[in-house]
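Asks: This structure is in structure tokens; I'll ask about it shortly.
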Amino acid sequence: MRISIQFKDRVGIAHEILAVLARRGLNVAAVEVDPPYIYIDSPELLEFMLPSLQADCQQVRGVSEIKVLDVLPGIRRRLNLDTMMAVMEDPVLAIDGHGDLVIANAAAAAVAGVSESVLCQRSLSEVLDDIGIQEELIQNGFRMPTREVMLKGEPFFMDVTPVSEPISTDAAQLGKSVGAVLTLHAPTRMGGRLHALQHSEGSGFHFIIGESEQILALKARAARMAIVDAPLLITGETGTGKELLAQACHGTSARSSAPFLELNCAALPESLAESELFGYMSGAFTGAQRGGKPGLFEMADGGTVFLDEIGEMSMYLQAKLLRFLNDGKFRRIGSDKEVKVNVRIISATHRNLRKMVQEGTFREDLFYRLNVLHLEMPALRERPDDILLLARHFIERACTQAQKPVCRLNSAACAALVSNNWSGNVRQLQNVVFRAITMSDQRVLDAADLDWAEGSIIADEVNLDATESWDLSVSAFEKSLLEKLYPQYPSSRKLAARLETSHSMIATKLRKYGIPQKR
Numbered sequence: 001m002r003i004s005i006q007f008k009d010r011v012g013i014a015h016e017i018l019a020v021l022a023r024r025g026l027n028v029a030a031v032e033v034d035p036p037y038i039y040i041d042s043p044e045l046l047e048f049m050l051p052s053l054q055a056d057c058q059q060v061r062g063v064s065e066i067k068v069l070d071v072l073p074g075i076r077r078r079l080n081l082d083t084m085m086a087v088m089e090d091p092v093l094a095i096d097g098h099g100d101l102v103i104a105n106a107a108a109a110a111v112a113g114v115s116e117s118v119l120c121q122r123s124l125s126e127v128l129d130d131i132g133i134q135e136e137l138i139q140n141g142f143r144m145p146t147r148e149v150m151l152k153g154e155p156f157f158m159d160v161t162p163v164s165e166p167i168s169t170d171a172a173q174l175g176k177s178v179g180a181v182l183t184l185h186a187p188t189r190m191g192g193r194l195h196a197l198q199h200s201e202g203s204g205f206h207f208i209i210g211e212s213e214q215i216l217a218l219k220a221r222a223a224r225m226a227i228v229d230a231p232l233l234i235t236g237e238t239g240t241g242k243e244l245l246a247q248a249c250h251g252t253s254a255r256s257s258a259p260f261l262e263l264n265c266a267a268l269p270e271s272l273a274e275s276e277l278f279g280y281m282s283g284a285f286t287g288a289q290r291g292g293k294p295g296l297f298e299m300a301d302g303g304t305v306f307l308d309e310i311g312e313m314s315m316y317l318q319a320k321l322l323r324f325l326n327d328g329k330f331r332r333i334g335s336d337k338e339v340k341v342n343v344r345i346i347s348a349t350h351r352n353l354r355k356m357v358q359e360g361t362f363r364e365d366l367f368y369r370l371n372v373l374h375l376e377m378p379a380l381r382e383r384p385d386d387i388l389l390l391a392r393h394f395i396e397r398a399c400t401q402a403q404k405p406v407c408r409l410n411s412a413a414c415a416a417l418v419s420n421n422w423s424g425n426v427r428q429l430q431n432v433v434f435r436a437i438t439m440s441d442q443r444v445l446d447a448a449d450l451d452w453a454e455g456s457i458i459a460d461e462v463n464l465d466a467t468e469s470w471d472l473s474v475s476a477f478e479k480s481l482l483e484k485l486y487p488q489y490p491s492s493r494k495l496a497a498r499l500e501t502s503h504s505m506i507a508t509k510l511r512k513y514g515i516p517q518k519r
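Residue numbers for the sequence shown follow the working numbering, so the first one is 1 and each next one is one higher.
The structure is reproduced here in structure tokens:
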């Protein structure tokens, strides 16, 4: 039986309590003293003996009560620690003040290829492929920034947490470090965490908002391509949502449980883009992180790498990417060791890659390797049926962020949105809505509110009918717009080119509104 005995702390009281059990001939298997309690494990102590043992112990000055325990606190802490270490997927090592291992979890033992008990008989320098790291840790008081280390030839990022002894009974006051806990993160695990942080809302085709024929056809085509494990090229104007489509393709593929990591090729200079993609070794260049750093390809192993604005990639990086696509192998900057990973490449661009190939600014062989599968993201003006659906979605999000009641659009605002050219596509529409919600206190948004937020919208020039009928509002806007532009573009073909729409549609509208006016 295991018991706890509460007492008032004084010199020798623990010895006197144990003497009571000794006089009764009770063997003691384990003792833990943590004032104001002493915890005792006595296998020979039975329940019916407790009343008399309580009476004997209370003869000892300072003893108050005895309680039965299921397990001693120290053993419980050890069991909890063992369980926590066992379920951790990252290798964890605990070292003492000399750098010798005292605890290793199952994940560390699995990577090292030995049992936990054997691993704990070694020093840190014998386990990691870095002879000087043990001495460096000791000299720095077991404080070290995150760095890359090698365990059994495999790269890991090592986080160091010092273990310090308390200098008083107040656990918050700590003295010198007497060891450390080392947590090793594999690049793929880091990639998974990065993916979880960046895409916490999830991904899927339901995040692509639209019910137009163009979007429904795109979703159906993309769903078929998502399950094919081959490079995918997404083209379309800036702001159409190419990255969202790439995420949806990843989220419905067989790689959905693995990381989805992206790199904007236009946002970084060539040298930084290379290190982000392929990683680098320690000391590879000035300013390189000590210990090295894995690249996106390593961290996304088993998943997908999205290369946005691939048309902006330099010829040098195009050559390196082509080699990687050939066999899935690459070398980190400053390394002579090849790394092989399994990732799917999804790329996107708003540029005409075929024209760039003809001009010699994009490699033809790389174009064909990237363009195995192809999706075209339509511009917003090509799917006008989705404009109001998207606008209402952005209104709900903007009102939620601004902590306002959800607003709505009147017919004038709807006509203005539908008729606008939207050169910036969905991103421009989102900005217009957010600005209007932020700056307007109205529960019903008018065209003037949108015009105030975005000067390119000219709906306020239309004299709308006071009844705000949908058909009348749209017709009034169309007629006003055509009457204004026709003198500058005096043919249906020129006007269609100006408004970036079909010649037949413009010809029909001109006939409908009697433009030009008959004299």
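Quick reminder that beta carbons are idealized off the backbone N, C-alpha and C, glycines included.
As the structure is a computational prediction, the values presented were derived from the model and not from experiment.
#1: Taking residue 386 and residue 506 to be in contact with their CB atoms under 8 Å, please state how far apart those CB atoms are, rounded to whole angstroms.
#2: Who are the Cβ neighbours of residue 255 in its own chain at under 7 Å, not counting the five residues just before and after it?
#3: Is DSSP giving residue 142 helix, strand or coil here?
#4: Can you grab the Cα-Cα spacing for the pair residue 458 / residue 419, in whole Å?
#5: To the nearest angstrom, how far is it from the Cα of residue 9 to the Cα of residue 62?
#6: Can residue 412 and residue 449 be called in contact, C-beta distance under 7 Å?
#7: Under the assumption that residue 322 contacts residue 369 (Cβ atoms under 8 Å), give the Cβ distance between them as a whole number of angstroms.
#8: Can you find the residues in the same chain that come closer than 8 Å, C-beta to C-beta, to residue 101, ignoring five residues on each side of it along the sequence?
#9: Between which two residues does the alpha helix (DSSP H) containing residue 262 stretch?
#10: My assumption, with CB atoms under 8 Å, is that residue 112 sits in contact with residue 151. Please give the rounded CB distance.
#11: Considering only residues of the same chain and omitting the five flanking positions on each side of residue 529, which have a CB-CB separation below 7 Å?
#12: Using CA coordinates, which residue listed in 51, 230, 105, 27 is at the minimum distance from residue 40?
#13: Would you mind sorting residue 25 into buried or exposed? The rule is 16 or more other CB atoms within 10 Å of its CB.
#14: Name the DSSP bridge partner or partners of residue 155?
#15: By DSSP, does residue 235 sit in helix, in strand, or in coil?
#16: Please state whether the Cβ-Cβ distance between residue 258 and residue 205 is less than 7 Å.
#17: Among the candidates 2, 272, 185, whose CA atom is the shortest distance from the CA of residue 68?
#18: Take residue 153 and list the residues in its own chain whose beta-carbon comes closer than 8 Å to its own, dropping the five residues that flank it on each side.
#19: Report yes or no: do the stretch 430 to 438 and the stretch 383 to 402 share at least 3 C-beta pairs separated by less than 8 Å?
#20: Helix, strand or coil, according to DSSP, for residue 65 in the structure here?
#21: Within 10 angstroms of its Cβ, does residue 131 collect 16 or more other Cβ (buried), or is it exposed?
#22: For residue 162, which beta-bridge partners are listed by DSSP?
Replies: Taking the geometry as given:
#1: Separation of the CB atoms of residue 386 and residue 506 is rounded to 21 Å, and the pair is thereby denied contact status at 8 Å.
#2: Here the set comprises 302, 303, 304, 344.
#3: Look at residue 142 here: in three-state DSSP terms it is coil, with no helix or strand label.
#4: The pLDDT assigned to residue 458 is 46, lower than 50, so where the model puts this residue is not dependable, and the model offers no usable value.
#5: So the alpha carbons of these two residues sit roughly 7 Å apart.
#6: The answer is no: Cβ separation not under 7 Å.
#7: Contact between residue 322 and residue 369 holds: CB atoms are separated by about 6 Å, below the 8 Å threshold.
#8: Take residue 101, set aside five residues on each side of it, and the residues of its chain with a beta-carbon closer than 8 Å to its own are 93, 94, 95, 119, 120, 121, 122, 123, 124, 127, in chain order.
#9: It is not in any alpha helix (DSSP H) - residue 262 instead sits in the beta strand (DSSP E) that spans 260 to 264.
#10: Right, their Cβ atoms sit about 7 Å apart.
#11: Since the first and last residues shown for the chain are 1 and 519, residue 529 lies out of range.
#12: Checked all of 51, 230, 105, 27; the closest Cα to residue 40 is 27.
#13: It is exposed - the Cβ of residue 25 has fewer than 16 other Cβ atoms within 10 Å.
#14: In DSSP, residue 155 forms a bridge with 150.
#15: DSSP places residue 235 in strand when its eight states are reduced to three.
#16: Note that the C-beta distance between residue 258 and residue 205 is not below 7 Å.
#17: The shortest C-alpha separation from residue 68 is found at 2.
#18: The residues are 129.
#19: The stretch 430 to 438 makes contact with the stretch 383 to 402; the number of CB pairs closer than 8 Å reaches 3 or more.
#20: Here residue 65 sits in strand by DSSP.
#21: The residue is exposed, with fewer than 16 neighbouring Cβ atoms inside 10 Å.
#22: Its beta-bridge partners are 180.
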